[in-house]
Structures are given as structure tokens and as C-alpha cells.
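Visitor: Here you go, one structure.
Number of protein chains: 2
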Amino acid sequence: MPIPSTFIPTRRALLVFAAVNMLGLTAPEAQTQTDPLPSWNDGAAKTRIIDFVQRVTRQAGPDFVPIEDRIATFDNDGTLWTEQPNYVQAEFVEARARELANANPELAGRQPFKALLSGDRATLAALGEQGIADLMIATHSGMTTTAFEKSVSDWLATARHPRFNRPYTELIYQPMVELLTYLRANGFKTFIVSGGGVEFMRPWTEKAYGIPPEQVIGSSGKTSYRLEGDTPVIEKLPTVEFVDDGSGKPLGINRFIGRRPVFAAGNSDGDLQMLQWTTLNTGPRFALIVHHTDVEREYAYDRQSQIGRLDKALDEAPKRGWLVVDMKRDWKTIYKP
Amino acid sequence: MPIPSTFIPTRRALLVFAAVNMLGLTAPEAQTQTDPLPSWNDGAAKTRIIDFVQRVTRQAGPDFVPIEDRIATFDNDGTLWTEQPNYVQAEFVEARARELANANPELAGRQPFKALLSGDRATLAALGEQGIADLMIATHSGMTTTAFEKSVSDWLATARHPRFNRPYTELIYQPMVELLTYLRANGFKTFIVSGGGVEFMRPWTEKAYGIPPEQVIGSSGKTSYRLEGDTPVIEKLPTVEFVDDGSGKPLGINRFIGRRPVFAAGNSDGDLQMLQWTTLNTGPRFALIVHHTDVEREYAYDRQSQIGRLDKALDEAPKRGWLVVDMKRDWKTIYKP
């Protein structure tokens, strides 16, 4: 949620605000305590989150964290939106590959396109990492960043989830959106730290989560800059630059944010090191794992999953005091109706 | 300037603020028009800056820019602080190399250390880029990010500029600090985009400029993550990851910010592509070049300079409508007294 442009928090505004508070002139609703997490069921998970936020924002308390240090990092796939039966970006790759093959039929007969487009998962798996890399390169490079952004937005506008038949951007977890909003209302700066492509996420994260492009960290490819006449363009090159997963997450946080989070949320072993980097530090720290336990309303998966495998992090959670959120038990609502 | 932690701009606060404004309860100083750029002499440069800011913030006007798009990027060396007679980071490299050689006398006899520490500039120049790279690697890697940060802070606390005999962090340009503050007071988010090392800048930019670590973009080396017992560490590796200079600046802006600035400031050809990327776009855009013309109060240099060479960008400025700030003419004060 960007702050309305008419409001600029100058020192003057802050003084006026402080003065009004002292005069007891606050509006009546300022006194009302509303539930900041209405889509969370009452219980230990919700209580722990609210307790943490109250402790770190209580200025005179022993766990107070200055506002500039209130950094919160969130994984995206499986933590903020549904990642089953496929990563959304994988669906995008398939759609883009189909588009490319339609425009260039010769491509449709070549691997790995042939296997992908005929649904031949065995051959695709046999092509391994090189096959995936070839598909990523074909669908994510050789165009300008502007053209790529448009292709993402265009695809998201029409693509539908195979089970829920809704746009992917509607399959974001309402309890996590409330958590992001609640943290921001308490002075936290919220970031996405995802293995997904940074340029795949930025076109829609502000609208979906209230997280602006400059607070989205993800995997990326190399780029190049040139002037075309008087028009500068940035082109996406067929080379991996950074993989923001596993150990890459603390490295990405260090590179992009430059200070350690006090709050982090993930859902898989790809988030393990981010949760360590956040919590194995002095002062109050909070980590949360979204555990997918709800086969009825979403999906149920953890240790043996191909996507979003949660194994080591689940074992480490009790030892580190990380909150494991049981989706079925702790969430009243999964998606906005 | 971090916002005081007691102030959290919730919707409630915004409503109260709006109500107070309507009631005419604003403090007396809210009515006063004070000069936002007191260290700038009156004249065309100052007028153009203020005119631009007024135009993009006038909600009903044709040049209005929504607050979330008000991105401003600033080079550091020579734009926000003095870069003569040497880049400050080069002074740090020399001091660190001396420290290393003291601890390990064998090193003092080896190149490029020998040339650097004996002041033999000719030999150092002959060793070329490899010599510089060896010095950067020796002084900037093989330690944790925490240890490096401490070494930067420790050095800055005692190092003095050879001519002005003041800490380097006092040799920041007061007119530019005012400009940063003025832009932020008008809803701009200010970033540093510098060829300097990101981890060399982050320890002090918040205090010096009000720019937090996550809004500092710079050159970087690769890093690795590991757990030492229960302590996670990030180590700086002897490999260049990203050079944030020249064409690297728009690429860094694209990677770290993900949207194009509407305001950019630089002082050398290393900023040329950033100024192009900012201004060669639709809508109101502003670019500024700090031209070092003041041999008395600071330094005078441009086309033939070894450091901060301003040649192509100076030629391109009139064609692109970039403001060339004449330090001698336009700045009333250079440094805070």
C-alpha cells in the first residue's frame, strides 16, 4: 500500500501529530483495538506473532527494536502464494515456450521443447538441469526488460490455476497478506526474498502484497545496457547471474538489504539458511515456517515433495524456536473469497 | 534521518493529520516558507531544482509524479563527498595494506605492496589493473562481512583528509545533503548508486546522508555463507561480482531498484549511462552534474582528470538538458563548517 501522495511525513507533520496526541485530540477509532490478523484462528501461532510485534515495538521494553532495524523478509512460493502443483513461474515458462514454438515450428521438434510441450515428463526429467536451463534461457532472455515485464503481465492477466481456476495473483494467502500489513503498520520494512526470478515478481508484487519493486530480491540473469538511437534499453542475457535460494538467500539479503532481518518467513529447505541468518543473532528475532497441511483447501506436502520440500528446516525448527504454522489448524481463511 | 520509532504512519495517523489540517490546527512553523536549499546561491541552478520538485509534486499539475515513482539516485564519489586527491576507498586500501604488511613483513617486500607502501607510483601504474585487483583482493576479502564493516568504521574514525585535515565523513557536500533532505521531504526515495564498494559505504551512509543500507548500491565481491557452530557468517571471497560503474549503473538500478529514477545526480563519465537511463524516458525527469570548478574551496577538474573524469557527460549535458552545477558559482557553502 503506497502512502497517499498527499501525505508527506515531514518533521513538521511528525510534530503536529505528536502535539495532537498529547492534546488527546485523536479520532475516536484511534482508541479501538481491532484484530490485526482476522484470517488467523485464535491460538498459539497468532498469539506468538502478536506478542513478538508488541515486544519489539514497546519503546521502554527490554526487547525494543529501533524502527530502522525492523527488517522482515518473506519467501514467496509456498509462503505468500500457492506453489502446487507447479511453481507459477514454471507454468509461465511452459506458456512462453508454447508461444515461441508456435512462432517457430522448428523449435517444437527440438528438445527440451518437444518433451515440455508434449507433456513428456520422463524425457524432460532425463534432460535434467541442462534441459531446465535451456528452457529458462529461451523464455527469459534475448529481449529487453520492458518486453519481458509486459509478457509477464500479459500472461498473468489470462492464466488460471488448474485446480482453483482463478488467476494466480488471487491465490495469495490472505493470512500472510494480513501479516505483512500488520508488520508494516508497526514500522517494519517488508521484503520478498525468493528463489523465483526477480523480474518475474516485480510487475505484480506491489499490488498483491504492498511490496514495491525495490524490496523484491530474487534470482536473476545477467543484463546489458545500450542506447538505441536516443532510447536506452536493458537486455536480458542468457547467463545466470544469481540464484537466490538456500545459502543464496542470506547472501542476497546481505547484498540487497545490508542488514540482518529480525523477522523471516519461509516454507521449505530453500529458506533454511535465511531463517538461520535471521534468528541466530542477538536480540529478539522471529522465524516462521508455513507448513502445508491442508489437502482440502490447498495442498498437504513436506518431506518428500518435489516442490517446496520441507525436511531439514522442519527438523531444525523446534531446536531454534521457529514457529511452524499449521495451515489447516491456524488459518481461518486461505484465499480471499 | 530515520523516522522516530514512536511515529508509525498508519491510516489512523493519516486521518488525524488530515483532520488537524482541516481544522487549521497546524503549528505556526507549518505556515513559514523556509529556504530548503540554504547552502545554494540564488540563481538558475537552485531555481531549476525547486521548480522541478514543485512541478512533480503538484497533484493536479501536468507533471505530477505519484509518490511511489519518486526515485532519486546519487553517485557518491565527487557527487556527495570529495574524491580528490584520491578516492577515499583507495586511501582505505593503502591503510589496510600497510596494516597487513606490518603483521606480515614478507608481504611488504612483494608487489604490488612494495610499490604502494613505498609510494612508488610509477611501478604501481606499471602493474596495471592486475596490481589494483591484487590490492583490492588482499584488503577486501578473506574476512567476514562483520569484520570488514568494523575495519571500515575503525579506519574512518581516525583517518584524515591530507589537505583539509578532517574526517572524510565531514567532507560531504552540504548543498547535496540539503538536496537529499529536500527530495525526501517531497516524497522521494533517495539511493546511492556508486562505483565504490557497497560494503565500504553502508557503515556510514545513514548517518552522513540519511540513506539506509538497503538504499545503497555499489560494486561488490562474491560472498559465501556457512554456519560456524551456531553462528552464521558471510565471508568475502576474492572474486569480483559486480562493477557498478558506467553501463553497470543502469544495470545496478534495474537489478536493485527495479524501476527507473526520475532524478539522478553524478559528476563524471562513470555516471553518463545512469543519467541517460534516468532522463531518456517519458514524463518529467531531472539530471544534474556536479562540476568541480572551485580550486580554492575544493578542487577544479574535469576532462583530463585521472579521478572523476568528466568529458563525454559534459558534452552530452546541453543536448540532454542536464543541469551542470558550477560548484564555485552555485554553492554558498561546500562543507559544514
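Respectively, the protein sequence lines represent chains C and H.
Mapping to my numbering: the first sequence position 65 is 65, numbers consecutive.
Mapping to my numbering: the second sequence position 44 is 381, numbers consecutive.
The beta-carbon is built from N, C-alpha and C at its ideal position, and this holds for glycine as well.
For clarity, every value in this text was computed on a predicted model and none was experimentally measured.
Nearest CA to the CA of Tyr519 (chain H): which residue from H:Pro373, H:Arg666, H:Ala445 and H:Asp406?
Guide: Nearest option by C-alpha distance: H:Pro373.
Visitor: May I have the straight-line CA-CA distance separating Pro250 (chain C) from Gly380 (chain H), to the nearest angstrom?
Guide: Their Cα atoms are separated by approximately 48 angstroms.
Visitor: In chain order, what residues of the stretch 54-70 of chain C put their CB closer than 7 angstroms to some CB of chain B?
Guide: The structure shown contains no chain B; the protein chains it does contain are C and H.
Visitor: Using CA coordinates, which residue listed in C:Pro162, C:Leu237 and C:Gly258 is at the minimum distance from Asp134 (chain C)?
Guide: Here the closest residue by C-alpha is C:Leu237.
Visitor: Along the stretch 199-226 of chain C, what residues have a CB closer than 7 angstroms to any CB found in chain H?
Guide: Those would be Arg202, Pro212, Pro213, Glu214, Val216, Ser220, Thr223 and Tyr225, in chain order.
Visitor: If we count the other Cβ atoms within 10 Å of its Cβ and call it buried at 16 or more, is Gly388 (chain H) buried or exposed?
Guide: First, the residue type needs correcting, since residue 388 (chain H) is Asp and not Gly in the sequence shown. Exposed: under 16 other Cβ atoms inside 10 Å.
Visitor: Report yes or no: do three or more beta-carbon pairs, one from the stretch 420-439 of chain H and one from the stretch 475-495 of chain H, lie closer than 8 angstroms?
Guide: Enough Cβ pairs lie closer than 8 angstroms, so yes.
Visitor: Can you look up Leu574 (chain H) in the DSSP assignment and give me helix, strand or coil?
Guide: Strand.
Visitor: Which whole-angstrom value describes the C-beta separation of Ile211 (chain C) and Ile192 (chain C), a residue pair presumed to lie in contact below a C-beta threshold of 8 angstroms?
Guide: With a Cβ gap of about 6 angstroms, Ile211 (chain C) and Ile192 (chain C) count as contacting.
Visitor: Since Phe64 (chain C) contacts Arg70 (chain C) with CB under 8 angstroms, what's their CB separation in whole angstroms?
Guide: Between Arg70 (chain C) and Phe64 (chain C) the Cβ distance is about 10 angstroms, and since that is not below 8 angstroms, they are no contact.
Visitor: Give a yes or no on contact between the stretch 174-189 of chain C and the stretch 271-280 of chain C, applying the rule of three or more CB pairs nearer than 8 angstroms.
Guide: They do not touch, by the three-pair rule.
Visitor: In terms of DSSP beta bridges, what is Gly266 (chain C) paired with?
Guide: According to DSSP, which records beta bridges pairwise, Gly266 (chain C) is partnered with C:Ile289.
Visitor: Below 8 angstroms on the Cβ atoms is my contact criterion, and I expect Val662 (chain H) with Ala382 (chain H) to pass it. Report the Cβ-Cβ distance as a whole number of Å.
Guide: That belief holds up - the Cβ atoms of Val662 (chain H) and Ala382 (chain H) are roughly 5 angstroms apart, short of 8 angstroms.
Visitor: Using a Cβ cut-off of 8 angstroms (strictly closer), state whether Ser626 (chain H) contacts chain C.
Guide: One point to set straight first is that residue 626 (chain H) is Ile, not Ser, in the sequence displayed. Output row for Ile626 (chain H): interface = no.
Visitor: Could you have a look at Glu228 (chain C) and say whether DSSP puts it in helix, strand or coil?
Guide: Glu228 (chain C) falls in the strand class under three-state DSSP.
Visitor: Under the rule that 16 or more other beta-carbon atoms within 10 Å means buried, what is Pro261 (chain C), buried or exposed?
Guide: Buried.
Visitor: Quick one: which chain H residues come within Cβ less than 7 angstroms of Phe148 (chain C)?
Guide: Near Phe148 (chain C) there are no residues of chain H at all, since even the closest Cβ is about 11 angstroms away, more than 7 angstroms.
Visitor: Can you tell me the Cα-Cα spacing of Asp631 (chain H) and Tyr638 (chain H), whole angstroms?
Guide: Roughly 9 angstroms separates the two Cα atoms.
Visitor: Take Gly229 (chain C) as the anchor and find which of H:Met538, H:Val430, H:Leu444 and H:Trp614 has the nearest alpha-carbon.
Guide: Comparing Cα-Cα distances from Gly229 (chain C) to each of H:Met538, H:Val430, H:Leu444 and H:Trp614, the minimum goes to H:Trp614.
Visitor: Please state the DSSP three-state secondary structure of Thr371 (chain H).
Guide: Correct three-state label for Thr371 (chain H): coil.
Visitor: Any beta-carbon of chain C closer than 8 angstroms to the one on Asp639 (chain H)?
Guide: For Asp639 (chain H), the answer is no, since every Cβ of chain C falls outside 8 angstroms of its Cβ.
Visitor: In this structure, does DSSP put Lys669 (chain H) in helix, strand or coil?
Guide: Lys669 (chain H): coil per DSSP, three-state reduction.
Visitor: Identify whether Ile644 (chain H) lies in helix, strand or coil by the three-state DSSP scheme.
Guide: Coil at Ile644 (chain H), not helix or strand.
Visitor: With 8 angstroms set as the bound, which would you pick, yes or no: does the beta-carbon of Trp614 (chain H) sit closer than that to a beta-carbon of chain C?
Guide: Taking Cβ atoms only, chain C reaches closer than 8 angstroms to Trp614 (chain H), which makes this a yes.
Visitor: Any beta-carbon of chain H closer than 8 angstroms to the one on Asn76 (chain C)?
Guide: No - not a single Cβ of chain H is within 8 angstroms of the one on Asn76 (chain C).
Visitor: Using beta carbons (cut-off 8 angstroms, strictly below), is Ile257 (chain C) in contact with chain H?
Guide: At least one chain H Cβ lies under 8 angstroms of Ile257 (chain C).
Visitor: According to DSSP, is Thr527 (chain H) helix, strand or coil?
Guide: In this structure, Thr527 (chain H) counts as strand in the three-state DSSP scheme.
Visitor: For Glu296 (chain C), count neighbouring C-beta atoms within 10 Å of its own C-beta (all shown protein chains included) and say buried if the count is 16 or more, exposed if not.
Guide: Label assigned to Glu296 (chain C): exposed.
Visitor: Can you give me the C-alpha to C-alpha distance between Phe600 (chain H) and Tyr299 (chain C), rounded to a whole angstrom?
Guide: Those two C-alpha atoms are separated by around 46 angstroms.
Visitor: State yes or no: is the C-beta of Phe485 (chain H) within less than 8 angstroms of the C-beta of Glu536 (chain H)?
Guide: Yes. Within cutoff.
Visitor: Are the stretch 150-158 of chain C and the stretch 107-114 of chain C touching, with three or more C-beta to C-beta distances below 8 angstroms?
Guide: Short answer: they don't touch.
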